[in-house]
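S.K.:
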């Protein structure tokens with residue numbers, strides 16, 4: 005069985021590419037939807053439902069830009085697109101009210117949490133693909149490096165545990181947002197909802213970084229102990245061999 009101590013180091017990552025990726029993610033998924041909603045409702049007299057539906061187009065653009073930039077439709081983009089389609093379908097179906105749309109939107113993030121939990125029963129959990137999205141810059145070299153880490157038991161355990169925590173956290177976050185949609189105004193929810201989503205993501209990301217670092221350190225410690233034990237056994241065997249070879253014949 006492979007040990008974590010032999011994990012290859014990641015290839016050099018483009019800092020500019022990573023910065024652009026984060027700027028696009030925050031701008032198109034948080035800032036643009038809020039500005040769009042406020043502009044359409046306050047300056048142009050749109051209904052809350054219509055403005056909320058249009059503001060949801062920005063994440064679609066984010067996905068399209070990423071796919072065009074990297075020229076590859078990876079698993080992360082696929083999951084994002086599936087959820088955007090689900091959001092559009094449930095938004096156009098049923099009651100056309102802003103509150104109903106907010107509740108449905110919260111249900112989508114809850115569905116994401118459930119998807120995390122379901123993928124624990126598959127070959128690779130969802131956080132493996134999300135981790136590859138943010139831990140690499142999308143180049144073939146960095147992608148190959150990330151994929152190669154799956155051979156290590158410690159890495160597999162870490163990915164599965166992260167997926168479990170993210171799944172439970174987003175199910176809880178969705179339930180809280182659904183409850184708030186009934187007690188807060190639509191404009192308030194439009195403002196705080198993205199921050200709840202990305203605040204939860206930020207908290208999970210902070211926990212993930214600390215947990216991953218701690219897990220790697222623990223894996224390296226165990227691997228070092230195993231290597232030291234193997235070296236000691238080899239030394240004992242060498243001493244035994246020399247002693248046996250130096251014994252006088254009977």
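In our numbering, the protein residues as written are 5 to 254.
Note that beta-carbon positions come from the ideal geometry of N, C-alpha and C, so glycine has one too.
Source: prediction; values computed, not measured.
#1: Quick one: is residue 106 buried, meaning 16 or more other Cβ sit within 10 Å of its Cβ, or exposed?
#2: Leaving out the 5 sequence neighbours to the left and right, which residues in its chain are closer than 6 Å to residue 117 when beta-carbon positions are compared?
#3: Between which residues of its own chain and residue 28 is the CB-CB distance below 7 Å, once the five residues before and five after are set aside?
#4: By how many angstroms is the C-alpha of residue 134 removed from the C-alpha of residue 119?
#5: Below 6 Å CB to CB, which residues in the same chain sit around residue 254 once its five sequence neighbours on both sides are set aside?
#6: Can you have a look at residue 151 and say buried or exposed, based on whether 16 or more other CB atoms are within 10 angstroms of its CB?
#7: Which one of 178, 187, 136, 114 has the shortest CA to CA distance from residue 163?
#8: For residue 208, which residues from the same chain have a beta carbon less than 8 Å from its beta carbon, with the 5 sequence-adjacent residues on both sides left out?
#9: Report the residue ranges of all alpha helix (DSSP H) runs contained in full by the region 99-133; include only those spanning at least 4 residues, in chain order.
#10: So what does DSSP say about residue 7, is it helix, strand or coil?
#11: Could you tell me the distance, in whole angstroms, from the CA atom of residue 165 to the CA atom of residue 32?
M.R.: To lay it out plainly:
#1: Counting from 1 along the chain shown, the entry for residue 106 is found at position 102. Buried, because 16 or more other Cβ atoms sit within 10 Å of the Cβ of residue 106.
#2: In the chain shown, residue 117 corresponds to position 113, counting from 1. Excluding sequence neighbours, residue 117 sits near 171, 174, 175.
#3: Sequence index remark: in the chain shown, residue 28 carries index 24 (1-based). These residues qualify, in order along the chain: 66, 69.
#4: Walking along the chain shown from the start, residue 119 turns up at place 115. Walking along the chain shown from the start, residue 134 turns up at place 130. About 13 Å.
#5: Within the chain shown, the letter at position 250 stands for residue 254. In this prediction, residue 254 has a pLDDT of 44, which is less than 50 and means its spatial position is unreliable; what the coordinates show is noted afterwards. Contacts found: none.
#6: Taking the chain shown and counting its residues from 1, the one referred to as residue 151 is at position 147. Classification of residue 151: exposed, given that the 10 Å Cβ count is below 16.
#7: As a first step, residue 163 must be located in the chain shown, where it is residue number 159. Considering only alpha carbons, the answer is 136.
#8: Within the chain shown, numbered from 1, the residue matching residue 208 stands at position 204. Here the set comprises 169, 170, 173.
#9: List check, alpha helix (DSSP H) in window: 102-122.
#10: Locating residue 7 in the chain shown gives position 3, counting from the first residue. Low local confidence applies: a pLDDT of 46 at residue 7 is under 50, so the model's placement there is unreliable, with the coordinate-based value given in what follows. In this structure, residue 7 counts as coil in the three-state DSSP scheme.
#11: Walking along the chain shown from the start, residue 165 turns up at place 161. Walking along the chain shown from the start, residue 32 turns up at place 28. The alpha-carbon atoms of residue 165 and residue 32 are separated by roughly 29 Å.
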